[in-house]
Each structure stands twice: as structure tokens, then as C-alpha cells.
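Peer 1: Mind having a look at this structure? Questions to follow.
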Amino acid sequence: MKKTVLTGVIVAVSSLAAPINLVPYANLTGTQLITFEDVAGGGAPGTSYNGIFQSGRTAFAERFLGQMLGVNGLTDVLSGAPTGSLSLQAGAPGQNLNVFDDGTGLNVLNGLGPAGFPNFDALGEGAIALLFDFDQSEFGFRVVGGDGGSAFLSFFRRNGTLIESITVSNLSDTFYGFSRDGGLNDIAGISLYSDDDGGIAFDDLRHNVAGVPEPGTLALLGLGLGALAFRHRLRKR
Numbered sequence: 023m024k025k026t027v028l029t030g031v032i033v034a035v036s037s038l039a040a041p042i043n044l045v046p047y048a049n050l051t052g053t054q055l056i057t058f059e060d061v062a063g064g065g066a067p068g069t070s071y072n073g074i075f076q077s078g079r080t081a082f083a084e085r086f087l088g089q090m091l092g093v094n095g096l097t098d099v100l101s102g103a104p105t106g107s108l109s110l111q112a113g114a115p116g117q118n119l120n121v122f123d124d125g126t127g128l129n130v131l132n133g134l135g136p137a138g139f140p141n142f143d144a145l146g147e148g149a150i151a152l153l154f155d156f157d158q159s160e161f162g163f164r165v166v167g168g169d170g171g172s173a174f175l176s177f178f179r180r181n182g183t184l185i186e187s188i189t190v191s192n193l194s195d196t197f198y199g200f201s202r203d204g205g206l207n208d209i210a211g212i213s214l215y216s217d218d219d220g221g222i223a224f225d226d227l228r229h230n231v232a233g234v235p236e237p238g239t240l241a242l243l244g245l246g247l248g249a250l251a252f253r254h255r256l257r258k259r
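Everything in the sequence shown is counted per the working numbering, starting at 23 for the first residue and increasing by one.
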């Protein structure tokens with residue numbers, strides 16, 4: 023699968039639509055928002071999470087099972103592909119994920135690099151993988167601490183196959199949005215890492231599919247609607 027390099031908020035990469043398109047965050051239609059206010063953070067260096075953790079309806083860890091973790095100086099680098107169906111794999115203790123207050127009272131998520139928690143050189147230098155409960159067609163986030171570096175994202179289907187790998191360059195403290203060509207709901211997971219100097223964090227992760235009712239829930243809903251209709255007919259007699 024080809025890799026696409028994107029600079030700025032929106033560009034035209036070719037006359038043919040890419041599998042994943044970079045779009046203005048404000049154009050995303052999804053209303054599902056992950057702010058990490060439902061997990062512990064605190065002032066920097068914040069709270070270290072050594073295992074897989076959940077925020078909203080999404081699970082987070084360092085990478086997917088099958089991906090290889092490398093190191094470039096103080097920064098994590100991901101390579102390889104997931105094996106089989108997407109499954110999260112946590113990093114080494116103190117080198118997985120971290121949540122801290124960015125100084126404005128808001129929690130932000132970041133990966134912990136090889137320097138390890140609570141070393142400040144680890145903050146924002148680690149890889150992150152996220153696994154949705156339900157397949158998505160849109161995704162977006164706010165970058166915190168962007169300083170002109172690049173972020174490397176890979177979008178995967180639930181069976182572990184790659185949709186596309188994208189490089190977003192010239193990072194700044196702004197919002198980024200991504201949409202699946204044709205509106206296909208097949209984005210099950212995303213992995214990312216960055217070479218931005220000093221590391222970056224993420225907040226306001228937006229996606230569009232909240233979930234679908236279980237079959238039993240649909241059946242109960244149908245019974246409930248049927249009962250309401252029956253009561254309505256009784257009132258009209």
C-alpha cells in the first residue's frame with residue numbers, strides 16, 4: 023500500500039481519491055468525542071498507564087500485536103504489520119502511555135518514550151495505538167506541543183489489513199481530521215508515532231460511529247414500539 027505525505031491541514035495528493043483523506047477537523051460529522059477527562063491525569067508528569075486502558079468507547083496501548091517497536095534517540099518508531107485480528111499490546115512498564123494536565127486544566131494523552139516515566143524526556147516521545155469498539159469512517163484529534171515535526175499514522179481494518187499509512191508534516195498546535203474515501207466504515211484501529219522535537223500529546227479525539235444496538239436490544243426496541251402503537255389504537259376506540 024502506498025504511503026501518502028500530507029503537509030498542512032488539507033492538500034490534493036492526486037487526481038484519484040486516496041483511501042484516507044486529510045480534511046479540516048471542523049468538517050468532520052462525528053459527534054463522539056474522547057477528551058480523557060474520564061481517566062486520571064494530574065500535573066506533569068501526570069499518570070502513567072502500564073497496560074491497556076479505555077477512554078470513551080476506545081481502548082489504547084502502545085502498539086498492535088505484531089508491530090515492531092524500534093527506537094530513534096528518545097523516540098519510539100513503529101514498523102511491521104499487525105498479526106491477525108487487531109489486538110492491542112502494551113509497552114514496557116513506564117514506557118506505555120501517559121495522561122497529564124496540559125496546564126489549562128485539560129487532560130491530554132501521550133506516549134511514553136524509552137527514557138521512561140517519570141522522566142520528562144519520555145513525555146510525548148512514545149507510540150500510541152487505539153482500537154475502536156466499532157468501525158469508523160472518520161477520525162480527528164488536536165495536537166498539543168507540535169513543533170514542526172511529523173506524525174506517522176497507519177489506519178487498519180479489524181482483520182489487521184492496512185488501509186493506508188500517512189505522514190502529516192509541519193505539526194503545530196492545531197486540529198487534524200481524516201476521512202475514509204467513500205465514507206466506508208472500516209477503520210477499526212490506528213497506530214501513530216512522531217519525530218516532533220520535544221514530543222507531542224493529543225486531545226479531543228473525534229469519531230463518528232458510537233455503536234449499534236445489540237440484536238436483543240433491537241428486539242426489545244421493536245416490542246416497545248409495538249406496545250406504544252397498540253396503546254395508541256386503544257385510545258382511538
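Every residue gets a Cβ at the ideal spot worked out from N, C-alpha and C, and that includes glycine.
Please name the residue or residues paired with ILE185 in a DSSP beta bridge.
Peer 2: Taking the sequence shown and counting its residues from 1, one reaches residue 185 at position 163. In DSSP, ILE185 forms no bridge with anything.
Peer 1: Give the DSSP bridge partners of ILE56, in chain order.
Peer 2: The residue labelled residue 56 in the question sits at position 34 within the sequence shown. DSSP output for ILE56 lists LEU227 as bridge partner(s).
Peer 1: Would you list the residues sitting across from THR69 in a DSSP beta bridge?
Peer 2: Locating residue 69 in the sequence shown gives position 47, counting from the first residue. Its beta-bridge partners are VAL121.
Peer 1: Taking the straight line between their C-alpha atoms, what separation do you get for VAL130 and PHE156?
Peer 2: As a first step, residue 130 is located in the sequence shown; it is residue number 108 there, counting from the start. As a first step, residue 156 is located in the sequence shown; it is residue number 134 there, counting from the start. Using only the alpha carbons, I get a separation of about 23 Å.
Peer 1: How many angstroms separate the CA atom of ASP60 from the CA atom of GLY78?
Peer 2: As a working note, residue 60 is residue 38 in the sequence shown. As a working note, residue 78 is residue 56 in the sequence shown. Spanning the two alpha carbons is a distance of roughly 8 Å.
Peer 1: Between the alpha carbons of LEU214 and ALA62, how many angstroms are there, rounded?
Peer 2: For the purposes of this step, residue 214 is identified with residue 192 of the sequence shown, where counting begins at 1. For the purposes of this step, residue 62 is identified with residue 40 of the sequence shown, where counting begins at 1. Going from the Cα of LEU214 to the Cα of ALA62 covers about 22 Å.
Peer 1: In angstroms, rounded to a whole number, what distance separates the CA positions of ARG164 and ARG85?
Peer 2: By one-based count along the sequence shown, residue 164 stands at place 142. By one-based count along the sequence shown, residue 85 stands at place 63. Their backbone Cα atoms lie some 20 Å apart in a straight line.
Peer 1: Which value, in whole angstroms, describes the spacing of the CA atoms of GLN54 and GLN158?
Peer 2: Against the sequence shown, residue 54 aligns to sequence position 32. Against the sequence shown, residue 158 aligns to sequence position 136. Going from the Cα of GLN54 to the Cα of GLN158 covers about 11 Å.
Peer 1: Return the chain-ordered list of same chain residues with a C-beta closer than 8 Å to the C-beta of ALA48, the five sequence neighbours on each side being excluded.
Peer 2: Here the question's residue 48 lines up with position 26 in the sequence shown. Setting aside the 5 residues that flank it on each side, ALA48 is surrounded in the same chain by PHE197, GLY199, each with a C-beta closer than 8 Å to its C-beta; the list follows chain order.
Peer 1: List in chain order: all unbroken beta strand (DSSP E) runs of 3+ residues lying wholly within the stretch 127-196.
Peer 2: 129-134, 145-148, 150-158, 160-166, 173-178, 184-191
Peer 1: From what residue to what residue does the beta strand (DSSP E) around GLN76 run?
Peer 2: As a position in the sequence shown, residue 76 is number 54, starting the count at 1. Element bounds for GLN76: 75-77.
Peer 1: Going by other Cβ atoms of all chains shown within 10 Å of its Cβ, with 16 needed for buried, is PRO41 buried or exposed?
Peer 2: Position 19 of the sequence shown, counted from the start, is the residue given in the question as residue 41. Flag for PRO41 reads buried.
Peer 1: So who's on the other strand from TYR198, going by DSSP bridges?
Peer 2: Translated into the one-based positions of the sequence shown, residue 198 becomes position 176. Bridge partners of TYR198: PHE163.
Peer 1: Quick check on ASP218: does DSSP put it in helix, strand or coil?
Peer 2: Sequence index remark: in the sequence shown, residue 218 carries index 196 (1-based). Correct three-state label for ASP218: coil.
Peer 1: Verify whether the separation of the beta carbon atoms of THR80 and PHE154 is less than 7 Å.
Peer 2: Sequence index remark: in the sequence shown, residue 80 carries index 58 (1-based). Sequence index remark: in the sequence shown, residue 154 carries index 132 (1-based). Yes. Within cutoff.
Peer 1: I need the boundaries of the beta strand (DSSP E) containing ALA83, first residue and last residue.
Peer 2: One-based indexing of the sequence shown puts residue 83 at position 61. 80-83 is the span of the beta strand (DSSP E), which, as asked, contains ALA83.
Peer 1: Closest by CA to LEU50, which one among ILE222, ASP225, SER201?
Peer 2: Translated into positions along the sequence shown, residue 50 becomes position 28. Closest option to LEU50, Cα to Cα, is SER201.
Peer 1: Going by Cα to Cα distance, which pick from GLY125, ALA151, GLY88 is closest to ILE74?
Peer 2: On the sequence shown, residue 74 is found 52 positions in, with the first residue counted as 1. With distances taken between Cα atoms, ILE74 lies closest to ALA151.
Peer 1: For SER109, collect the residues of the same chain with a Cβ closer than 7 Å to its Cβ; drop the 5 residues on either side in sequence, then sort them by chain order.
Peer 2: Within the sequence shown, residue 109 is the residue found at index 87, counting from 1. The answer, listed in chain order, is PHE86, LEU87.
Peer 1: Going by DSSP, what residue range makes up the beta strand (DSSP E) through ASN94?
Peer 2: Counted from its first residue, the sequence shown places residue 94 at position 72. Taken as a continuous stretch (DSSP letters only), the beta strand (DSSP E) holding ASN94 covers 90-94.
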